[in-house]
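Visitor:
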Amino acid sequence: MIVYTFIFKDGKQFRFEVDEEGDTSVESPDQPVEEWLKLENGKCDGCGIPEGERKTCPAALSIQPILASFGGRFSHETVKVIVEMNDVEVHGSMSTQNAVRSLMGLRLALSACPVMKMLRPMARFHVPFGGMEHSLFRFVGMHLISEHLRREKGHSSNQDLSGLRDLIHRLHEVNQKLADRIRLGAERDATVNSLVVLDTLASILKMDIDSSLEKLKPY
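The sequence shown begins at -4 in the numbering used here and counts up by one.
Set out below in structure tokens:
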């Protein structure tokens, strides 16, 4: 279990418990579905969810509790964050945007979205508040391990990073659609901007992954 606790200067606190083995997008049959959550409203092109399988967008549903809590907060408002996981505590003080970005990334990766769930290994080994180079290192590592395991099972695999580039492109598309959905429900800009940061990461990696890898060579 990973626990995020957000403490604001006005005394308001939010606590989120995330099961890294679970599904953050389980539908509740008795709960009314808000317009921005409905799967057919702004569905991604080529969405792999079969028609009639569910009513809600799993990626949107996974972050709905975050939107409900932080929709009235400003992006650059400072918040203290405590993350508890595997007998380790991580403390930080940062903008709401950066703090929420970390939690959103975790919950999205644990959703049933056909694209986002490809990041599930990164959720299993979650690192809060990772920077650009750290995220790049984990992205590439996850991809190379996946390709290695495919080869061991006798499946075709790519030795280059073309598959990673494709994944990042698809993440970019999903993030754009999610931002459009969130604008229907957010009172202010905290959650939308946090998603924009995720999308910015995907865009930068997609456009400049080779030069970014050059920075890792000395290590």
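Quick reminder that beta carbons are idealized off the backbone N, C-alpha and C, glycines included.
Alpha carbons only, please: which of Gln59, Lys33 and His164 is nearest the one belonging to Gly47?
Guide: Among Gln59, Lys33 and His164, the Cα nearest to that of Gly47 belongs to Lys33.
Visitor: Give the DSSP-derived three-state secondary structure of Ser206 in the structure shown.
Guide: Of the three classes helix, strand and coil, the one that applies to Ser206 here is helix, per DSSP.
Visitor: Going by Cα to Cα distance, which pick from Ser20, Leu114 and Asn93 is closest to Phe65?
Guide: Among Ser20, Leu114 and Asn93, the Cα nearest to that of Phe65 belongs to Asn93.
Visitor: I need the boundaries of the alpha helix (DSSP H) containing His164, first residue and last residue.
Guide: Element bounds for His164: Ser157 to Ile177.
Visitor: Relative to the alpha-carbon of Met(-4), which residue among Lys4, Thr19 and Val169 has its alpha-carbon at the smallest distance?
Guide: The shortest Cα separation from Met(-4) among Lys4, Thr19 and Val169 belongs to Thr19.
Visitor: By DSSP, does Gln26 sit in helix, in strand, or in coil?
Guide: The answer is coil: DSSP assigns Gln26 none of H, G, I, E or B.
Visitor: Span of the alpha helix (DSSP H) holding Thr146?
Guide: Sequence inspection shows Arg at residue 146; the Thr mentioned does not correspond to that position. Its alpha helix (DSSP H) spans residues Met127 to Glu147.
Visitor: Once you ignore the five residues that flank Met80 on each side, which residues in its own chain have a CB closer than 6 angstroms to its CB?
Guide: Contacts found: Ile(-3).
Visitor: In chain order, what residues of the same chain lie with their CB nearer than 6 angstroms to the CB of Ile199, ignoring the 5 residues before and after it?
Guide: Here Ile199 scores only 49 on pLDDT, less than 50, and its place in the model is too uncertain to base an answer on.
Visitor: Entirely within the region 37 to 125 and at least 4 residues each: give me those alpha helix (DSSP H) ranges in chain order.
Guide: Counting whole runs of 4 or more residues, the region 37 to 125 contains the alpha helix (DSSP H) stretches 53 to 65, 91 to 104 and 115 to 119.
Visitor: Write down the C-beta distance between Trp31 and Ala55 rounded to the nearest angstrom, noting that I regard them as a contact closer than 8 angstroms.
Guide: Their Cβ separation, rounded to whole angstroms, is 7 angstroms, which keeps Trp31 and Ala55 in contact under 8 angstroms.
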